[in-house]
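In this note's numbering, the protein residues as written are 544 to 710.
C-beta: ideal position from N, C-alpha, C; glycine also.
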Ligand SMILES: [Ca+2]
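Okay, structure coming up:
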């Protein structure tokens, strides 16, 4: 009987220790699908969730397939560069934008941005210096820096693309 009690004590302590390992994740409400692919999955070796902007994730249908997707703030562990991981709601496939992923939508480091929100599927204003106006297939992300530049990240049917708004 004492042995059983010891085992139960150990299990209890292990459980407590696991919860205590990541107090940040405990403090934030990380959606299950995001946790599976970005916290528990192999991508967590390269990227970590970032909570430097509130909210730290935005849920919308970014590729217009009818499934809600997640856009989550991340940081590349090696470089400290910020970016966004888009988690496809249907397939859980992850697309990394910024965070050292190369010169794509919005550059490879989103350290410049200090707010973001979902720009619902609909008409887009012609951006400064832009000639064409995109037709949104899904919801877009508006990424901005207060009193400065902003841009849309939207799905063009093949990839996520940047569209400059104001600056
Ligand atoms: Ca979707």
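Rounding to the nearest angstrom, what Cα-Cα distance links residue i and residue j in this structure?
i           : j           : result
residue 627 : residue 681 : 17 Å
residue 596 : residue 660 : 11 Å
residue 589 : residue 581 : 10 Å
residue 583 : residue 591 : 11 Å
residue 642 : residue 698 : 18 Å
residue 603 : residue 620 : 26 Å
Does DSSP classify residue i as helix, strand or coil?
i           : result
residue 618 : strand
residue 642 : coil
residue 684 : strand
residue 600 : strand
residue 575 : helix
residue 610 : coil
residue 605 : coil
residue 587 : helix
residue 707 : strand
Check each candidate in the options and name the one with the smallest Cα separation from residue i.
i           : options               : result
residue 665 : 657, 703, 577 and 695 : 695
residue 575 : 598, 594 and 612      : 612
residue 647 : 703, 622, 582 and 689 : 703
residue 676 : 691, 586, 706 and 693 : 706
residue 658 : 639, 689, 640 and 683 : 689
residue 684 : 673, 691, 701 and 656 : 656
residue 701 : 622, 607 and 568      : 607
Verify the CB distance criterion: does residue i have a CB-CB separation below 8 Å to chain C?
i           : result
residue 582 : This model lacks chain C altogether, as it is built from one protein chain only.
Cβ atoms of residue j and residue i: under 8 Å apart, would you say?
i           : j           : result
residue 644 : residue 616 : no
residue 686 : residue 650 : no
residue 600 : residue 577 : yes
residue 678 : residue 693 : no
residue 625 : residue 653 : yes
Would the stretch 619 to 634 count as touching the stretch 662 to 678 if we require 3 or more Cβ pairs under 8 Å? no
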